[in-house]
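Colleague: I have a structure I would like to understand better, so I am pasting it below and will then ask my questions one at a time.
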Amino acid sequence: MPSILDPDLRRALAERVRYCHEMGIYDFYRREPRVSESGTITSAVVELDGLSSTSEEQREEMAAKKSAVAARVADRNIMPVLPSNPEQAITDPVAALKLIREDLGDCTRCKLHKGRTQIVFGVGNPYADLMFVGEGPGADEDAQGAPFVGRAGQLLNNMIKAMGIRREDVYIANVVKCRPPGNRTPERDESETCSPFLMRQIAVIKPKVVVALGAVAAKNLLATNASMSELRGRFYDFMPSGARSSDPSWQGTKLAVTYHPAFLLRDPRQKGEAWKDLQMVMKYLGLDPPNKPVE
Ligand code: SF4
């Protein structure tokens, strides 16, 4: 009996589906198996009703072959060997984040790996109600392995403190986890390759609010090209790709957009606007506004 799905094809399919999972695609639809007279899957669909020239006996035989093949395909369903993101079976966010980090490994999925010192995965409270997402690591972050630890990080710390909470209370990550050369903006293919891991982090942490810091984070998370002035000042319903709305533990997340701290360092006049954004977030989270602007 010829093999219906040879091991190489099976492996290739497994790799393809794994890639789709990393991109946040989980729902697949299988077409009716296509069956040749020899019982192998072919590219031509056999429409039994259209076989006017075949005898009743032949049609019955082919129908039997078709259902036998369908049964074998179902029996050899490739999905069981293609686990969805492994953290989905884990309820503890600490363990789930660890699994995502292990899955990321010594990542070389995009060209940003060439210039990095280390991967900057993300830090903070895995149970956080509030998560900040920036663009990518800079030189300090690349050296220390943690996001927002340079001058912009100091300002972000001040912003968090002004909200009446501590840096340890929130979770902080970036769209890309390796430093772009010369701190350039991550290129589209780099963001698209890396952001599924960020989406998985968000899906595990399930924060009540994600704050996108700057246009790159906002555009990646919201898949939009709108300007900062269009994006700021309101909440968006946000569900990371890969999260399942049918998951009873998924409550949905709000997303707000504000300026990147590095931009605020360059243009401190915008701090008042950033403070308005943070006050909107504080109100939603029920945090007491200390009426103290970002310094
Ligand atoms: Fe991998 Fe992300 Fe680093 Fe690219 S930026 S190499 S996808 S960890």
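Residue numbers (my numbering): 1430 to 1724. All C-beta atoms in this analysis are idealised placements derived from N, C-alpha and C, irrespective of residue type, glycine included.
Since F1664 contacts L1684 with CB under 8 Å, what's their CB separation in whole angstroms?
Modeller: Yes, F1664 and L1684 are in contact; Cβ-Cβ is about 7 Å, under 8 Å.
Colleague: Closer than 6 Å is what we want: which residues have a beta carbon that near any heavy atom of ligand 1? List them in chain order.
Modeller: One residue after another in chain order, those with a Cβ under 6 Å from a heavy atom of ligand 1 are L1533, C1536, T1537, R1538, C1539, L1541, H1542, I1548, V1605, K1606, C1607, E1619, T1622, C1623.
Colleague: From V1633 to L1533, what does the alpha carbon distance come to, in whole angstroms?
Modeller: The alpha-carbon atoms of V1633 and L1533 are separated by roughly 15 Å.
Colleague: Going by beta carbon distance, what residues of the same chain come within less than 7 Å of H1542, once the five residues before and after it are set aside?
Modeller: C1536, C1607
Colleague: Might you give, ordered along the chain, the residues of its own chain that have their beta carbon closer than 7 Å to the beta carbon of E1516, omitting 5 neighbours on each side?
Modeller: Listed in chain order, the non-local C-beta contacts of E1516 below 7 Å within the same chain comprise A1525, L1528, I1529, R1629, V1633, local neighbours out to five positions each way being set aside.
Colleague: Relative to the alpha-carbon of V1604, which residue among G1579, L1651, D1598, V1638 has its alpha-carbon at the smallest distance?
Modeller: L1651
Colleague: I think P1615 touches G1565, with their Cβ atoms under 8 Å apart; what is that distance to the nearest whole Å?
Modeller: 5 Å
Colleague: From the DSSP secondary-structure annotation, give me the bridge partner or partners of N1514.
Modeller: According to DSSP, N1514 bridges with nothing at all.
Colleague: Is G1544 helix, strand or coil by DSSP?
Modeller: helix
Colleague: Considering Cα atoms alone, identify which of Y1600, G1643, G1671 is closest to Q1699.
Modeller: G1643
Colleague: Can you list, in chain order, the residues of its chain whose CB lies under 6 Å from that of T1622, leaving out five sequence neighbours each side?
Modeller: R1538, C1539
Colleague: Within this structure, are the beta carbons of P1690 and A1581 separated by less than 7 Å?
Modeller: yes
Colleague: For A1647, is the classification buried or exposed, using 16 other Cβ atoms within 10 angstroms of its Cβ as the cut-off for buried?
Modeller: It is buried - the Cβ of A1647 has at least 16 other Cβ atoms within 10 Å.
Colleague: Curious, which full-length alpha helix (DSSP H) runs of at least 4 residues does the region 1561-1619 contain?
Modeller: 1568-1573, 1580-1591
Colleague: Within the chosen definition, does the region 1583-1596 reach the region 1700-1720 through at least 3 CB pairs nearer than 8 Å?
Modeller: yes
Colleague: Who are the Cβ neighbours of P1576 in its own chain at under 7 Å, not counting the five residues just before and after it?
Modeller: V1549, G1551, V1552, G1563, P1566, E1570, I1601, A1602, N1603
Colleague: Using only alpha-carbon positions, find the residue among P1636, D1696, V1640 that is nearest to A1672.
Modeller: When only C-alpha atoms are compared, the closest one is P1636.
Colleague: Would you mind reading off the limits of the beta strand (DSSP E) that contains V1523?
Modeller: Where V1523 is concerned, there is no enclosing beta strand (DSSP E), although the alpha helix (DSSP H) it sits in stretches over 1522-1533.
Colleague: Given this structure, state the Cα-to-Cα distance separating V1639 from T1682, to the nearest angstrom.
Modeller: 7 Å
Colleague: Does the separation of the CB atoms of D1706 and T1687 fall below 7 Å?
Modeller: yes
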